[in-house]
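Take my numbering: the last position of the sequence shown gets the number 154, and nothing is skipped along the way. Virtual Cβ for every residue (Gly too), placed ideally from N, Cα, C. Single-structure report; data block below.
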Amino acid sequence: MEEDIILKIKDESDYNIIIESLTQIIKDITSNSHKLDNTIIEEITLIFLNSDNDLVRMKATELAEYTKSELILEKITYLLINDSNYYVRGFSAKVLGSIGNLKSKDVLEQALNDSEGFVIAFVTQALKTINIKLSFSSKLDMLKAKLQTIKQS
């Protein structure tokens, strides 16, 4: 099945079929009915993040939210700063916020200078999400230290 999906859409030239296939994969993932290996999802995502079609790249950014691959993070980071389509840039910011990778903070701060309000709105939300994660992590570390002190007493 996994190979069938890749073969079906990897060499597909009809952008509508590609978008429908990516949409179905996302529906399957969110309903927990997918049987795709994470490496297959990553491969499909990388292929279509490189598409010359704006709508396909937008849909691929949505799929990217379900991976934690460093390659995909690098590509999403690149798209955030360099893509010609501001929707792709905005959705790339959304992905970085959803994944919550702390390494993304610097590039998100750089993207606050984007000329499009749409992008800035998503960048702002992504930074809030990452800052909450940072705050929570530091509070969790303090709690662990306190528990360790109590155990030693």
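### Query
With 16 other CB atoms within 10 Å as the buried threshold, where does Y79 fall?
exposed
### Message
Taking its Cβ as the centre, do 16 or more other Cβ atoms sit within 10 Å of E71, making it buried, or is it exposed?
### Response
exposed
### Task
For the segment 84-97 and the segment 109-128, state whether three or more C-beta atom pairs, one from each stretch, are separated by less than 8 Å.
yes
### Query
Looking at the structure shown, is D84 part of a helix, part of a strand, or coil, going by DSSP?
coil
### Message
Are the CB atoms of L64 and T46 within a distance shorter than 7 Å?
### Response
Yes, these two residues count as a Cβ contact at 7 Å.
### Message
Along the chain, where does the alpha helix (DSSP H) containing D142 start, and where does it finish?
### Response
118-153
### Message
Short of 7 Å in beta carbon distance, which residues of its chain neighbour S99, apart from the five on each side in sequence? Order them along the chain.
### Response
E66
### Task
Please list, in chain order, all residues of the same chain as E21 whose beta carbon is under 7 Å from its beta carbon, the five residues on each side excluded.
Exclusion of the five residues before and after E21 leaves no residue of its chain whose Cβ lies closer than 7 Å to its Cβ.
### Task
Pick out whichever of E110, L56, K106 has its Cα sitting closest to the Cα of Y88.
L56
#### Entry: Beta-carbon spacing of I27, I19 below 7 Å
No, these two residues do not count as a Cβ contact at 7 Å.
### Query
Can you tell me whether DSSP reads L50 as helix, strand or coil?
helix
### Task
Can you give me the Cβ contacts of N86 inside the same chain, cut-off strictly under 6 Å, excluding the 5 residues immediately before and after it?
D55
### Query
Quick one: what does DSSP say K36 is sitting in, helix, strand or coil?
coil
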